[in-house]
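For the sequence shown, the working numbering assigns the number 1102 to the initial residue and increments by one for each residue that follows.
Note that CB positions come from ideal geometry on N, CA and C, so glycine has one too.
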Amino acid sequence: MNQSLVMKLFTRLQPMVWSTGMLLFMVAFVACSGADQADMESAEMSSSETGEGWEVLFDGESLDGWRGIGREDIPEGHWTIEDGALRKVATDDVARLPDGQPAAGGDLLYDRQFSNFELAFEWKVSPGANSGIKYNVSEELSMTQSNNAALGFEYQILDNELHPDAANDPNRHAAGLYDLIPPGSNAELSPVGEWNRGRIVFNGNRGEHWLNGELVVEYELGTHMMNRLLRTSKWENIPEFGDRRPAGYIVFQDHGDDVWYRNIRVRGL
């Protein structure tokens, strides 16, 4: 039942003498209706988009089609399936590099390359968590330059309130193009622990990041502005980083924190 109808019914019957038990029932019913409606909207979105040229990359049941970058299997202990979602398990006991990346390489790669595409997904983080979705990834470059951690443009996944990256630089904020372009002022996040809707569009030299239905980042490769941003980024000594590849991998980053993804789907453009 629609929440507004429930509240109208409550208002109409308010003059009546309600028992404490009935009041508690109504409050619980409204809360459950809201949760059910959110899950229903998510399921409907996934179902309808599948019929519009979308391909499901993660079905909520298996990791078929996925592997660790630079390896043939899934990084042991780093990723699991939980309630139909892909969970990056916090790995406090994994050896780490100075920048926080797992030394053994825990990034998860979908084993097919994409050129022009639109990627849709939902994500949520634990308090203080950091992760990201990388695209235009060269596995060869990643293996030689970054100790098996993916090198590519990154849709930042972050707790903006608690993670120190957000305090140091706005181009590290959630949904931004990591270390290059901050998200716009219209970027509105769901509370930590609740689902956000993300979208990446990469078509020709144009890139877009979307958050909860809003376009929050847009850029054009090859422009003076973008070239300047790349030259002053953390990848200034890896000039191949910013190259537009004919096709590249999509990679979900292991940055050591608990993060969840679901409804991961892609379509060619």
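- Note on E1219: 16 or more other CB atoms within 10 angstroms of its CB, so buried under the neighbour-count rule.
- By the Cβ criterion, the segment 1211 to 1228 is in contact with the segment 1298 to 1307, since at least three pairs of Cβ atoms, one from each stretch, lie closer than 8 Å.
- When the five nearest sequence neighbours on each side are left out, the beta carbons in the same chain lying within less than 6 Å of the beta carbon of R1188 are those of T1181 and W1361, in order along the chain.
- P1228 is positioned such that its CB atom lies no closer than 9 Å to that of D1208.
- Taking every protein chain shown into account, the CB of A1348 has fewer than 16 other CB atoms within 10 angstroms, so this residue is exposed.
- A residue is called buried once 16 or more other Cβ atoms fall within 10 Å of its Cβ, and T1192 is buried on that count.
- By the criterion of a C-beta distance shorter than 6 Å, G1161 is surrounded in its chain by G1185, once the five residues flanking it on both sides are discounted.
- A1230 and R1168 have their alpha carbons spaced roughly 22 Å apart.
- By the Cβ neighbour-count rule, G1343 is buried, with 16 or more other Cβ atoms within 10 Å of its own.
- DSSP places Q1354 outside both helix and strand once states are collapsed to three, so it counts as coil.
- Residue pairing by DSSP puts V1302 in a beta bridge opposite E1219 and E1309.
- In this structure, V1238 and V1352 form a Cβ contact; the two beta carbons are roughly 5 Å apart against a cut-off of 8 Å.
- Contact annotation: G1285 and E1315 have beta-carbon atoms nearer than 9 Å.
- Excluding five sequence positions before and after N1297, the CB atoms of its chain that fall closer than 7 Å to its own CB belong to E1223, W1224, K1225, L1290, S1291, L1312 and N1313, given in chain order.
- The straight-line gap separating the alpha-carbon atoms of S1334 and Y1236 is approximately 17 Å.
- Nearest to Q1214 by alpha-carbon distance, out of D1260, G1166, I1282 and G1178, is G1166.
- In the three-state reduction of the DSSP assignment, A1186 falls in the strand class.
- Assigned with DSSP and collapsed to three states, S1243 falls in helix.
- Sixteen is the threshold: when 16 or more other Cβ atoms of the shown chains lie within 10 Å of the Cβ of E1255, as they do, the residue is buried.
- Contact between L1158 and I1365 holds, with the beta-carbon distance rounding to 5 Å and staying under 8 Å.
- Assigned with DSSP and collapsed to three states, L1331 falls in helix.
- In this structure, H1274 lies away from N1287, with their beta-carbon atoms at least 9 Å apart.
- Counting along the chain, the unbroken alpha helix (DSSP H) around N1269 starts and ends at P1265 to N1269.
- Cα atoms of M1244 and V1293: separation of roughly 33 Å, rounded to the nearest angstrom.
- For E1341, the three-state secondary structure derived from DSSP is helix.
- Here DSSP, grouped into helix, strand and coil, assigns R1213 to coil.
- The DSSP-derived three-state label of N1237 is strand.
- N1272 sits in a helix when the DSSP states are folded into three classes.
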